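Trainee:
Residue numbers (the numbering used here): 7 to 292.
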């Protein structure tokens, strides 16, 4: 049931709704103990009312505060069926992309910060599993990646057609958004850090092109695109094209194996000017 202004969740007083999606409703609230504004995500009933899922969520969420990274949203507290995070002022990456492609001189620093945040999490044993533009905020101080560990706590491999059809028309579900799911996840395999690398590649592609890497009008066409096709080449220096192409390799063994490798590539671009990749339908060019 949606919360109203003045409602209480433990020591937190609800001030206003912020948004809602498949993973719950988010509210601006006040921590009455410290008199500070926070964001509260209330888990959906099908998670909050199941003791096993709620316990797993709480157990894994406790690992997130240890990440301590400037580009990872701080998790302040967890309660029965809700999590308390820092209140971030800014614009979601999804909202920014809706306005058009992000110029490369802006997209590269954003991408490096996202990759660095994911690398920090992976080193701590936390796989995000729901990397997408909706979970990335742009602030005056750079990006903030949200919902670390949340998708890991509740996601199940092997999405159904019903699940995927729903997320084609609504924002997210318990499975996350399928456009950012790696091929192995559709085969029912457990996601790992390399699945986050795939999702990062899809997000980076969308940042610099203004369009999704893979699209489909239904379950079959979307999954078919992810499993068998390649996005059109990026109108950017060839090294950027190669970086994204390797992130989006179908076989996890062919991708970058750690996000640290991606960070190094983003922070150490070639000094020489390289030609842009040529267009040739939807075929990746070397």
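C-beta atoms are modelled at their ideal positions from N, C-alpha and C, and glycine is treated no differently.
Given the structure is predicted, the values throughout are model-derived calculations rather than measurements.
Give the secondary structure of residue 77 by DSSP, where H, G and I count as helix, E and B as strand, and everything else as coil.
Mentor: By 1-based counting over the chain shown, the position of residue 77 is 71. Three-state DSSP puts residue 77 in coil, outside helix and strand.
Trainee: Let me confirm a value: residue 216 is counted as buried when at least 16 other C-beta atoms fall within 10 Å, else exposed. Which label applies?
Mentor: The sequence position of residue 216 within the chain shown is 210, counting from 1. Residue 216 is exposed by the Cβ-count criterion.
Trainee: Taking the alpha-carbon positions, what's the residue 10 to residue 245 distance?
Mentor: Against the chain shown, residue 10 aligns to sequence position 4. Against the chain shown, residue 245 aligns to sequence position 239. A straight-line Cα-Cα distance of about 50 angstroms links residue 10 and residue 245.
Trainee: Kindly give me the distance between the Cβ atoms of residue 46 and residue 35, rounded to whole angstroms, as I take these residues to be in contact under 8 angstroms.
Mentor: Here residue 46 refers to the residue found at position 40 of the chain shown. Here residue 35 refers to the residue found at position 29 of the chain shown. The pair is a contact, with the Cβ atoms about 5 angstroms apart (cut-off 8 angstroms).
Trainee: With DSSP as the reference, label residue 264 as helix, strand or coil.
Mentor: For the purposes of this step, residue 264 is taken as the residue at position 258 of the chain shown. In this structure, DSSP gives residue 264 a state outside helix and strand, which the three-state scheme calls coil.
Trainee: Inspect the beta-carbon positions of residue 185 and residue 221 and report whether they are closer than 9 angstroms.
Mentor: Sequence index remark: in the chain shown, residue 185 carries index 179 (1-based). Sequence index remark: in the chain shown, residue 221 carries index 215 (1-based). In contact: residue 185 and residue 221 (Cβ atoms closer than 9 angstroms).
Trainee: In the DSSP output, what is residue 23 paired with across the bridge?
Mentor: On the chain shown, position 17 is the one that residue 23 refers to. According to DSSP, residue 23 bridges with 33.
Trainee: Whose C-alpha, out of 116, 8, 87 and 237, is nearest the C-alpha of residue 65?
Mentor: Taking the first residue of the chain shown as 1, we reach residue 65 at position 59. The shortest Cα separation from residue 65 among 116, 8, 87 and 237 belongs to 87.
Trainee: Bridge partners for residue 142 per DSSP, in chain order?
Mentor: On the chain shown, residue 142 is found 136 positions in, with the first residue counted as 1. Beta-bridge pairing by DSSP links residue 142 to 151.
Trainee: Taking the Cβ atom as the reference point for each residue, do residue 152 and residue 102 lie within a distance shorter than 9 angstroms?
Mentor: Mapped onto the chain shown, residue 152 falls at position 146. Mapped onto the chain shown, residue 102 falls at position 96. No; because the gap between Cβ atoms is not below 9 angstroms, this pair is not in contact.
Trainee: In whole angstroms, what is the alpha-carbon distance linking residue 14 and residue 237?
Mentor: On the chain shown, position 8 is the one that residue 14 refers to. On the chain shown, position 231 is the one that residue 237 refers to. Approximately 47 angstroms, taken between the alpha carbons.
Trainee: Within this structure, are the beta carbons of residue 142 and residue 100 separated by less than 9 angstroms?
Mentor: Numbered from its first residue, the chain shown carries residue 142 at position 136. Numbered from its first residue, the chain shown carries residue 100 at position 94. Their beta carbons are under 9 angstroms apart, which means residue 142 touches residue 100 by this criterion.
Trainee: So is residue 105 buried or exposed if we call it buried at 16+ other beta carbons inside 10 Å?
Mentor: As a first step, residue 105 is located in the chain shown; it is residue number 99 there, counting from the start. Exposed, by the Cβ-count rule.
Trainee: Quick check on this structure: which residue in 240, 210, 23 and 54 has the alpha carbon closest to the alpha carbon of residue 119?
Mentor: Along the chain shown, one-based indexing puts residue 119 at 113. Nearest of 240, 210, 23 and 54 to residue 119, Cα basis: 210.
Trainee: Could you please give the first and the last residue of the uninterrupted alpha helix (DSSP H) stretch that includes residue 42?
Mentor: As a first step, residue 42 is located in the chain shown; it is residue number 36 there, counting from the start. Counting along the chain, residue 42 falls outside any alpha helix (DSSP H), though it belongs to the beta strand (DSSP E) covering 42-48.
Trainee: Between the alpha carbons of residue 124 and residue 55, how many angstroms are there, rounded?
Mentor: Mapped onto the chain shown, residue 124 falls at position 118. Mapped onto the chain shown, residue 55 falls at position 49. Taking the straight line joining both Cα atoms gives about 30 angstroms.
Trainee: What's the C-alpha gap between residue 94 and residue 253?
Mentor: Taking the chain shown and counting its residues from 1, one reaches residue 94 at position 88. Taking the chain shown and counting its residues from 1, one reaches residue 253 at position 247. Approximately 28 angstroms, taken between the alpha carbons.
Trainee: Just tell me which of 82, 90 and 38 has its CA closest to the CA of residue 48.
Mentor: To locate residue 48, count along the chain shown from 1; it is residue 42. Nearest option by C-alpha distance: 90.
Trainee: Is DSSP giving residue 201 helix, strand or coil here?
Mentor: Residue numbering aside, residue 201 sits at position 195 when the chain shown is read from its first letter. Reduced to three states, the DSSP call for residue 201 is helix.
Trainee: Check whether the Cβ atoms of residue 183 and residue 140 sit closer than 9 angstroms, and answer yes or no.
Mentor: Start at 1 with the first residue of the chain shown, and residue 183 comes out as number 177. Start at 1 with the first residue of the chain shown, and residue 140 comes out as number 134. Result yes, Cβ atoms of residue 183 and residue 140 sit closer than 9 angstroms.
Trainee: Cutting at 8 angstroms between CB atoms, please list the residues of its own chain near residue 130, excluding the five before and the five after it.
Mentor: The residue you call residue 130 lines up with position 124 of the chain shown. Within the same chain, Cβ atoms closer than 8 angstroms to the Cβ of residue 130 are found at 69, 72 and 73, the five residues on either side in sequence being excluded.
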